[in-house]
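*Asks:* One structure follows; several queries about it will come next.
Here it is, written out as structure tokens:
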């Protein structure tokens with residue numbers, strides 16, 4: 060079970076790099092892990108998995124129930140007093156597991172992972188910008204790239220759930236136009252590769268990242284703005300680390316909006332009756348990138364009265380699933396728990412800034428038996444902001 | 002699976018009986034065509050269709066029972082939704098629309114089966130020639 064390829068880390072290297080051996084077995088990770096809380100087939104926890112790795116029971120790691128069901132939400136890493144990077148450990152280990160032909164249970168019939176693999180074809184010519192209508196201004200020469208992510212694809216895939224995918228992209232352009240930017244939208248943009256790198260499929264990730272970086276460089280922009288926290292995180296941190304530098308600033312749209320609000324360059328109509336809303340922190344935007352204040356600032360600016368859920372900011376609960384993999388009853392319980400927390404605040408609306416969070420919550424809400432416990436309107440912050448732009 | 006293959010998914014009932022009749026009558030069709038039998042076309046998923054294209058197939062053709070004659074009542078209706086969804090995704094990915102198609106035949110229609118798969122394969126070669 061050692062690294063087969065020269066550029067692949069060995070299991071020992073992964074254990075040392077992620078400081079797994081420093082675990083004090085305090086159990087703080089297990090107390091916050093949503094999978095530990097809801098998995099009822101057997102008792103699993105980050106602490107136990109880390110212990111297995113530290114004590115050299117290498118062959119047990121890949122068979123641990125948590126190994127593929129971990130949603131890499133990062134709550135354990137956030138709390139760990141010894142700074143053990145459990146998510147990093149899982150992510151690196153999954154690369155080794157892939158070499159042994161092990162993968163997580165696929166959901167959505169593997170369709171999403173498959174189109175990402177199709178996108179690794181350098182000859183591919185996509186028709187992906189049909190959503191840019193006449194009201195939206197985009198330009199072939201711009202210092203800002205709007206990175207759409209898989210939004211046009213999710214729009215088709217999750218239409219039955221009423222996902223707001225395309226509207227998110229259109230709203231983002233509307234906001235950028237309002238602040239005087241006509242962004243460049245890549246006609247042949249590839250999936251950012253977030254799900255691939257977190258599921259251990261580094262080969263696909265690198266192929267996608269290289270194709271994207273080539274395009275970034277040819278455009279010669281200075282800044283990339285995304286509406287998906289996962290794209291923002293992957294492009295900002297993983298591309299330079301695993302593939303190569305491209306010398307551009309990466310921002311999530313909420314950061315951009317907050318910045319423009321501070322500069323006084325964007326104005327919102329906020330004369331409506333104060334609606335109470337609650338904000339759900341997406342894991343990659345919150346815990347991974349540390350963006351907690353920007354979306355809240357925008358919400359206040361929009362004239363909403365914001366209330367916080369029991370678990371918020373760095374303690375915020377994940378939307379329940381990650382990488383479109385291993386989704387099952389445990390994940391649904393996490394989603395139900397989170398929506399329940401939103402309902403408890405008595406807010407009228409749950410606002411997110413991540414399309415995946417929205418899809419997962421709306422999927423959980425399909426259970427009509429739970430309507431009283433989890434029925435709450437869900438909207439994306441970008442759309443709410445675009446609707447209230449002062450003309 | 003070789004690059005350039007054409008995958009024909011048939012259901013176990015009317016479509017497969019068509020294929021058997023075509024075999025019994027010693028019909029022939031293009032060698033790229035690979036039939037795969039499913040219990041019902043309702044088994045198909047967007048993921049399966051995309052995966053066939055990922056592996057390098059030229060086209061995917063689904064043949065099932067005629068409208069309202071599905072042996073499981075909803076199978077071909079479900080397949081129709083799936084094919085429409087896959088078609089939209091493939092269009093975004095830049096594949097021409099003729100590369101995915103769904104059709105039906107009644108039980109024992111061997112001639113029709115051969116005719117339909119041959120037409121589909123010919124259509125695909127026209128697409129690849131850019132006609």
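Chains as they are written, first to last, in this note's numbering: chain A, 60 to 450; chain B, 2 to 132. All C-beta atoms in this analysis are idealised placements derived from N, C-alpha and C, irrespective of residue type, glycine included.
1. So residue 170 of chain A and residue 216 of chain A are supposed to be a Cβ contact under 8 Å. How far apart are they, rounded?
2. Which word fits residue 243 of chain A, buried or exposed, when buried means at least 16 other C-beta atoms lie within 10 angstroms of its C-beta?
3. Give me the Cα-Cα distance between residue 62 of chain A and residue 172 of chain A, rounded to the nearest whole angstrom.
4. Check whether the Cβ of residue 271 of chain A lies closer than 8 Å to any Cβ atom in chain B.
5. Suppose you measure from the CA of residue 249 of chain A to the CA of residue 26 of chain B; what does that come to, to the nearest Å?
6. Is the Cβ of residue 78 of chain B closer than 8 Å to any Cβ of chain A?
7. Give, in chain order, every residue of the segment 38-65 of chain B whose Cβ lies closer than 7 Å to some Cβ of chain A.
8. I want to see whether chain B comes within less than 8 Å of residue 168 of chain A, judged by CB atoms only; does it?
9. For my contact list, residue 312 of chain A and residue 441 of chain A are in at a C-beta cut-off of 8 Å; report their separation, rounded to the angstrom.
10. Does the CB of residue 4 of chain B have a neighbour CB from chain A at under 8 Å?
11. Return the residues of the segment 109-127 of chain B that lie within a Cβ-Cβ distance of less than 9 Å from chain A, sorted by chain order.
12. Compute the Euclidean distance between the alpha carbons of residue 294 of chain A and residue 287 of chain A, then round it to the nearest angstrom.
13. Determine the extent of the alpha helix (DSSP H) in which residue 8 of chain B is found, giving its start and end residues.
14. Give the interface partners of residue 130 of chain B over in chain A, defined as CB-CB distance under 8 Å, in chain order.
15. Going along chain A, which residues have a C-beta under 7 Å from residue 20 of chain B?
16. Name, please, each residue of chain A whose Cβ falls closer than 8 Å to the Cβ of residue 24 of chain B.
17. Determine, using beta carbons only, whether residue 94 of chain B comes closer than 8 Å to chain A.
18. Find the residues of chain A that neighbour residue 90 of chain B, judging by a C-beta separation of less than 8 Å, and give them in chain order.
19. In whole angstroms, what separates the C-alpha of residue 256 of chain A from that of residue 303 of chain A?
20. Tell whether a beta-carbon distance below 8 Å holds between residue 298 of chain A and residue 305 of chain A.
21. Can you tell me whether residue 411 of chain A is helix, strand or coil according to DSSP?
22. Name, please, each residue of chain A whose Cβ falls closer than 7 Å to the Cβ of residue 33 of chain B.
23. Quick one: Cα of residue 184 of chain A to Cα of residue 93 of chain B, how far?
24. Closer than 7 Å by C-beta to residue 356 of chain A: which residues in its own chain qualify, once you throw out the five before and the five after it? Chain order, please.
25. Can you pull the chain B residues whose beta carbon is under 8 Å from the beta carbon of residue 177 of chain A, in chain order?
26. Would you tell me roughly how many angstroms separate the C-alpha atoms of residue 265 of chain A and residue 301 of chain A, rounded to the nearest one?
27. Mind checking if residue 70 of chain B is an interface residue toward chain A, Cβ cutoff 8 Å exclusive?
28. Helix, strand or coil for residue 199 of chain A? Go by DSSP, reduced to three states.
29. Provide the residue span of the alpha helix (DSSP H) that contains residue 426 of chain A, from first to last.
30. Which runs of the beta strand (DSSP E) fall wholly inside the segment 133-210 of chain A and span at least 3 residues, in chain order?
31. Cβ closer than 9 Å: which chain B residues qualify as neighbours of residue 187 of chain A?
32. Among A:146, A:94 and A:436, which has the Cα closest to the Cα of residue 338 of chain A?
33. I'd like to confirm the pairing. Which residues does DSSP put opposite residue 244 of chain A in its beta bridges?
34. Please look up how many angstroms separate the CB atoms of residue 108 of chain A and residue 125 of chain A, rounded, as I've assumed it's under 8 Å.
35. Which residues does DSSP pair with residue 308 of chain A in a beta bridge?
36. I'd like to know if residue 183 of chain A contacts chain B, where contact means its C-beta is closer than 8 Å to some C-beta of that chain.
*Replies:* The short version:
1. On the first chain, position 111 is the one that residue 170 of chain A refers to. On the first chain, position 157 is the one that residue 216 of chain A refers to. Yes, they are in contact, since the Cβ atoms of residue 170 of chain A and residue 216 of chain A sit about 7 Å apart, within 8 Å.
2. On the first chain, position 184 is the one that residue 243 of chain A refers to. Buried: at least 16 other Cβ atoms inside 10 Å.
3. Translated into positions along the first chain, residue 62 of chain A becomes position 3. Translated into positions along the first chain, residue 172 of chain A becomes position 113. With a pLDDT of 39 at residue 62 of chain A, under the threshold of 50, the modelled position of that residue is not reliable, and no figure is offered here.
4. Translated into the one-based positions of the first chain, residue 271 of chain A becomes position 212. With 8 Å as the cut-off, residue 271 of chain A does not count as an interface residue toward chain B.
5. Start at 1 with the first residue of the first chain, and residue 249 of chain A comes out as number 190. Start at 1 with the first residue of the second chain, and residue 26 of chain B comes out as number 25. Near 48 Å, if we compare the C-alpha coordinates of residue 26 of chain B and residue 249 of chain A.
6. Numbered from its first residue, the second chain carries residue 78 of chain B at position 77. Answer no: the Cβ-Cβ gap between residue 78 of chain B and chain A never drops below 8 Å.
7. 46, 47, 48, 49, 51, 52, 54 and 55
8. As a working mapping, residue 168 of chain A is identified with position 109 in the first chain. Yes, residue 168 of chain A lies at the interface with chain B (some Cβ there is under 8 Å from its Cβ).
9. To locate residue 312 of chain A, count along the first chain from 1; it is residue 253. To locate residue 441 of chain A, count along the first chain from 1; it is residue 382. 5 Å between Cβ atoms; contact.
10. As a working note, residue 4 of chain B is residue 3 in the second chain. It does not; no Cβ of chain A falls within 8 Å.
11. none
12. Translated into the one-based positions of the first chain, residue 294 of chain A becomes position 235. Translated into the one-based positions of the first chain, residue 287 of chain A becomes position 228. Approximately 11 Å between the Cα atoms of the pair.
13. The residue given as residue 8 of chain B occupies position 7 in the second chain. Segment 7-11 is the beta strand (DSSP E) holding residue 8 of chain B; no alpha helix (DSSP H) there.
14. Here residue 130 of chain B refers to the residue found at position 129 when the second chain is read from its first residue. Those do not exist, as residue 130 of chain B stays about 17 Å from chain A at its closest Cβ, beyond 8 Å.
15. For the purposes of this step, residue 20 of chain B is taken as residue 19 along the second chain, with counting starting at 1. Those within 7 Å of residue 20 of chain B in chain A number zero; the least Cβ separation is about 25 Å.
16. Indexing the second chain from 1 puts residue 24 of chain B at position 23. The contacting residues do not exist; residue 24 of chain B stays about 30 Å from chain A at best.
17. Taking the first residue of the second chain as 1, we reach residue 94 of chain B at position 93. Chain A, which has a Cβ nearer than 8 Å to the Cβ of residue 94 of chain B, makes this yes.
18. Position 89 of the second chain, counting from 1, holds the residue named residue 90 of chain B. Under the 8 Å cutoff, chain A gives 170, 174, 212, 215 and 216.
19. Here residue 256 of chain A corresponds to residue number 197 of the first chain, with the count starting at 1. Here residue 303 of chain A corresponds to residue number 244 of the first chain, with the count starting at 1. Using only the alpha carbons, I get a separation of about 15 Å.
20. Here residue 298 of chain A corresponds to residue number 239 of the first chain, with the count starting at 1. Here residue 305 of chain A corresponds to residue number 246 of the first chain, with the count starting at 1. Yes. Within cutoff.
21. Looking up residue 411 of chain A in the first chain gives position 352. Residue 411 of chain A: strand per DSSP, three-state reduction.
22. The sequence position of residue 33 of chain B within the second chain is 32, counting from 1. In chain order: nothing, as chain A lies at least about 20 Å away.
23. Counting from one through the first chain, the residue named residue 184 of chain A turns up at place 125. Counting from one through the second chain, the residue named residue 93 of chain B turns up at place 92. Residue 184 of chain A and residue 93 of chain B: Cα-Cα distance of roughly 9 Å.
24. Working through the first chain from its first residue, we reach residue 356 of chain A at position 297. The residues are 317 and 320.
25. On the first chain, position 118 is the one that residue 177 of chain A refers to. Correct list: 51, 54, 55 and 94.
26. Residue numbering aside, residue 265 of chain A sits at position 206 when the first chain is read from its first letter. Residue numbering aside, residue 301 of chain A sits at position 242 when the first chain is read from its first letter. If I take the Cα positions, the gap works out to 8 Å.
27. Counting from one through the second chain, the residue named residue 70 of chain B turns up at place 69. It does not: the Cβ of residue 70 of chain B has no partner Cβ on chain A nearer than 8 Å.
28. Within the first chain, residue 199 of chain A is the residue found at index 140, counting from 1. In this structure, residue 199 of chain A counts as coil in the three-state DSSP scheme.
29. For the purposes of this step, residue 426 of chain A is taken as the residue at position 367 of the first chain. Unbroken run through residue 426 of chain A: none, as it is neither H nor E.
30. 203-206
31. Here residue 187 of chain A is taken as the residue at index 128 of the first chain, counted from 1. Residues of chain B passing the Cβ test: 93, 94 and 95.
32. Locating residue 338 of chain A in the first chain gives position 279, counting from the first residue. Of A:146, A:94 and A:436, the residue nearest in Cα terms is A:436.
33. Numbered from its first residue, the first chain carries residue 244 of chain A at position 185. Looking at the DSSP assignment, residue 244 of chain A forms a beta bridge with A:205.
34. Here residue 108 of chain A is taken as the residue at index 49 of the first chain, counted from 1. Here residue 125 of chain A is taken as the residue at index 66 of the first chain, counted from 1. Confirmed, about 5 Å.
35. Reading the first chain from its first residue, position 249 is the one you call residue 308 of chain A. Answer is A:282, bridged to residue 308 of chain A.
36. Counted from its first residue, the first chain places residue 183 of chain A at position 124. For residue 183 of chain A, the answer is yes, since a Cβ of chain B falls inside 8 Å of its Cβ.
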